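Novice: Structure below; questions to follow.
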Amino acid sequence: MRFFPPKLFYGLCFLGLILSLGAPVYAADAWDAVRKTGELRWGGDSAGGAPYVYADPENPKRMIGFEVEIMDQIARQLGVKAVFVDVPWDDLVPALLRHNFEIAFNGLEITPGRLEVIQFTQPYYFFSAQITVRKEDGRMTGWQDLEGKKTGTLATSFTQSLLEQNKKIEVVTYPGPVEAYHDLESGRVDAVLFDAPMASFYVPQNPRLKNIGVPVGEGMYGGGIAKDSPELLQRVNGALRELIRSGEIERIYRRWHLWDERQENLKEAASLSEKSRPQAGLAQYVPILLQGAAVTVLLSCFSMALAVFLGFFLCLAKLYGTRPVRWLANIYIEVIRGTPLLIQLYLLYYGLPNLGIQLSAMTAAVLGLGLNYSAYEAEIYRAGLLAVPKGQEEAARCLGMTGWQTLWYVLIPQAARMALPPSTNDFIALFKDTSLVSVITVMELTRAYNQAATRTYRFLELGLLTALLYFLMSFPLSLWARSLEKKQHAAGY
Amino acid sequence: MPPAIKIEGLTKRFGDNVVIERLDLTIQPGEVAVLQGPSGVGKSTLLRTLTYLEPFQAGRILLGELELSAGMDVRKERARIRAARRQTGFVFQFFNLFPHRTVLENLMLGPVQVLKLPLKQARAEALSLLERVGLAEKAGAYPAALSGGQQQRVGIARALAMHPRTVLFDEPTASLDPDMKQEMVQVIREFAKDKLTLLIVTHEPAVIESIATRVIKLGPRCAILSDQRNHVSG
């Protein structure tokens, strides 16, 4: 604690440095770059991206989709070449603000929240959302049936906010449509709500799913452009209007079976009027972060309990087991330690259903983390037991104790003392590794942060707040371990 | 009454290194026998084979009626080995006290867990043993807080708490300062009065002169060089 003030000082300096680096590096209109390079870079997510933009099944190097065709046409109008940049969908706007590309063009709904940070071209598609359920599920007929049901949707999308307006619907968010429809098929969710183009592309391919009810809600897709590039916006809008007027865009939509009467409005929609200022304050996301933090704590405790329990028996198997038992324990430990936790989580959650084993997201998360850390715990305990002097076991044996008694009353208490510091270390590491389970739809702290940040674009403030939450939870653990060590030290061994 | 210890044809090797070769030795109940000999002749190994801390290659050992033999199946005979250890106390050169337990708990662990004595009785017996070794006031202390001599006295008390018939001492004074050796000799003499059988590996002249009823000198491979009765003044 003596060193705290200087540390704080350096910390603040570092923070200042980061903040200053975050300031805009250049403010030139993106059109300048497009004109100079002859390339119009546009961002989208090709993973599960049909029919918008996705890899051609016949030639995976080539991107196809209705947005690919529209962008090619726009680029042609502007006399440049369209270049696709592949980014995760929920990173579209942040990547645009990082100047990874000049225009985000991938089913980006025009929302008040987004209009705060970027500008939109005129709309190029009017969409609604489509509910999908399992074919044999006769109970579900429409929007009203979603109440009390688990409903999957695209993270940070317009459909997510649509669902969240009804508090009785349990919303599960996914990075893309493929995972969501997969979980619907296996029964983890009861319904899925996606933009109609996705539903009309993916659902007919799957004989076990069906679309129900009339499409709900209504929104517009627009191209996202940075606010510092009014000239680019003007030129892209001009090109879009030309495509709409000439009927080129209708031809594209008809080819993709996406044309409906709603699209007649494209002609009238000139430019967007600024909507009323949105709510999107930071304060409303604090409860979401706190809820995520609670899930993180719960997840850590259950996983660690499992890791300690399994690790203990693994360690005994490796030390005292018969040859085949030792061998199995060794294989388990080496395989678990030698493969990424992320892959283990994917296998447990998305892989096991192929074998008919269905785990809830939380179960898969606890199991994944627990199994993974048990291998590390086992090795820590083994080192602890091996570090107890040989004379201790002999003294216990000479009193006529059995193997279990020797272990329990003499060896383990002494090994535990040696295993405590590395074990605490592991618990803190596990605590932070819980952020990985966000990939299997568990809404823990990191995922809560990600959602809050991608909606408000307040990455820095929310990021610092989230880091602070993690720290506030893990630091007491360190303090507790330290006091425990001191107590043992005071006892003189 | 059968002999306290009867060793027949005992052979112990570590790899090619023969440590004990065809040893025959009988110790009668109540004897206080000292084993002497240069270091490296296998005296400590001999004590360790007696409680089966070391398995051996040939021969057999009778502890009262219990037989330990070279060919026995250790897994099947676990209970027999434990019984042999229960009735045979062992005092280590380096004490081997349990560091995470208080002095009193060190003495009670065996009686409570192995002999299944009620806590109250085990505690009373442990306290009276501590009284006899002069450490009653250290009952609540952890071993790390004791001097070497005090630790060894706890080690002896821990062995005696199991009501053994025989106690084996492996150089009990070797790691102690000279002035502590004297108090150790007194403690051993105190317990020699209890008609226990004691087998002591030591070079300590005071032990040999004032306690031993028998002095056995061992040469290489535990060959018996001499075996003499010793008259002690009670």
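Keeping their order, the protein sequence lines are chains A and B.
Per our numbering: the first sequence = residues 1 to 493.
Per our numbering: the second sequence = residues 1001 to 1234.
In this text, a Cβ means the ideal position worked out from N, Cα and C, and glycines have one as well.
Computed from a predicted model, the values in this text were never measured in an experiment.
(1) Report the rounded CA-to-CA distance for Y470/A versus A378/A, giving the unit in angstroms.
(2) Between L386/A and chain B, is the shortest Cβ-Cβ distance under 8 Å, so that the two count as touching?
(3) Helix, strand or coil, according to DSSP, for M473/A in the structure here?
(4) Exposed or buried, what is A307/A when buried is set at 16 or more other beta-carbons lying within 10 Å of its beta-carbon?
(5) Evaluate contact between the segment 1167-1178 of chain B and the segment 1189-1206 of chain B, counting only Cβ atoms and requiring at least three cross-stretch pairs below 8 Å.
(6) Find the residues of chain B that neighbour M401/A, judging by a C-beta separation of less than 9 Å, and give them in chain order.
(7) Identify every residue that forms a DSSP beta bridge with G152/A.
(8) Please work out which residues of its chain come closer than 6 Å, Cβ to Cβ, to Q1227/B, disregarding the five sequence neighbours upstream and downstream, and give them in chain order.
(9) Counting along the chain, where does the alpha helix (DSSP H) carrying S303/A start and finish?
(10) When you compare the CB positions of Q1093/B and P1172/B, do they come within less than 8 Å of one another, or not?
(11) L1160/B and G1089/B: beta carbons closer than 8 Å?
(12) My output table needs one value for V53/A: the three-state DSSP class, helix, strand or coil.
(13) Report the residues of the segment 1089-1100 of chain B with a CB closer than 7 Å to any CB of chain A, ordered along the chain.
(14) Between K69/A and the rest of its own chain, which residues show a CB-CB distance below 6 Å, the 5 nearest in sequence each way excluded?
(15) Tell whether a beta-carbon distance below 8 Å holds between A448/A and L232/A.
(16) Return no unless some Cβ of chain B is closer than 8 Å to the Cβ of P497/A.
(17) Is Q392/A close to chain B? Criterion is C-beta to C-beta, closer than 8 Å.
(18) With a threshold of 8 Å between beta-carbons, can M1180/B be considered close to chain A, or not?
(19) With a CB to CB cut of under 8 Å and the five nearest residues on each side skipped, what residues in its chain are close to T1102/B?
(20) Look at the alpha carbon of W42/A and the alpha carbon of Q77/A, and state the distance between them as a whole number of angstroms.
(21) Here's the rule: buried if 16 or more other CB atoms are within 10 angstroms of the residue's CB, otherwise exposed. What is L399/A?
(22) Relative to the C-alpha of R1153/B, which candidate in V1091/B, A1144/B, A1192/B, I1208/B has its C-alpha closest?
(23) Assuming the contact rule is C-beta atoms closer than 8 Å, K1012/B and T1045/B should be a hit. Round their C-beta distance to whole Å, please.
(24) With a 10 Å radius around its C-beta and 16 neighbouring C-beta atoms as the bar for buried, classify E444/A as buried or exposed.
(25) Tell me whether the beta-carbon of T153/A lies closer than 8 Å to the beta-carbon of G213/A.
(26) V1041/B by DSSP, collapsed to three states: which one?
(27) Give a yes or no on whether 8 Å exceeds the smallest Cβ distance from T1045/B to chain A.
(28) Kindly indicate if chain C contains any beta-carbon less than 8 Å away from that of L1135/B.
(29) Return the chain-ordered list of same chain residues with a C-beta closer than 6 Å to the C-beta of R1082/B, the five sequence neighbours on each side being excluded.
(30) If you measure between the beta carbons of A375/A and L299/A, is that distance less than 8 Å?
(31) What residues from chain A crowd round T1051/B, counting only those whose CB sits closer than 7 Å?
(32) Determine the chain B residues that contact P413/A at a beta-carbon separation under 7 Å, and present them in chain order.
(33) Check the Cβ of M1162/B against every Cβ in chain A and list those closer than 8 Å, keeping chain order.
(34) What does DSSP give as the partner residue(s) for K1012/B in the beta ladder?
(35) For the alpha helix (DSSP H) that contains P94/A, what are its first and last residues?
(36) DSSP three-state call for Y26/A: helix, strand or coil?
Specialist: Taking the definition as stated:
(1) 26 Å
(2) no
(3) helix
(4) buried
(5) yes
(6) R1082, R1085, L1109, G1110, Q1113, V1114
(7) V172/A, V192/A
(8) Note that residue 1227/B is Asp in the sequence shown here, rather than Gln. Excluding positions up to five away in sequence, the list reads I1216.
(9) 286-320
(10) yes
(11) yes
(12) coil
(13) F1090, F1092, F1094, N1096, F1098, P1099, H1100
(14) In the sequence as displayed, the identity of residue 69/A is Glu instead of Lys. If we look at E69/A and ignore the five residues flanking it on each side, its Cβ neighbours are I252.
(15) no
(16) Any question about residue 497/A goes unanswered here, given that chain A covers just 1 to 493.
(17) yes
(18) no
(19) A1139, G1140, A1141, Y1142
(20) 15 Å
(21) buried
(22) V1091/B
(23) 6 Å
(24) buried
(25) no
(26) coil
(27) no
(28) The chain labelled as chain C is not found among the protein chains of the depicted structure, namely A and B.
(29) none
(30) no
(31) C398
(32) H1100
(33) L399, G400
(34) I1020/B
(35) 92-97
(36) With a pLDDT of 47 at Y26/A, under the threshold of 50, the modelled position of that residue is not reliable, and the figure given next carries that caveat. Three-state DSSP puts Y26/A in coil, outside helix and strand.
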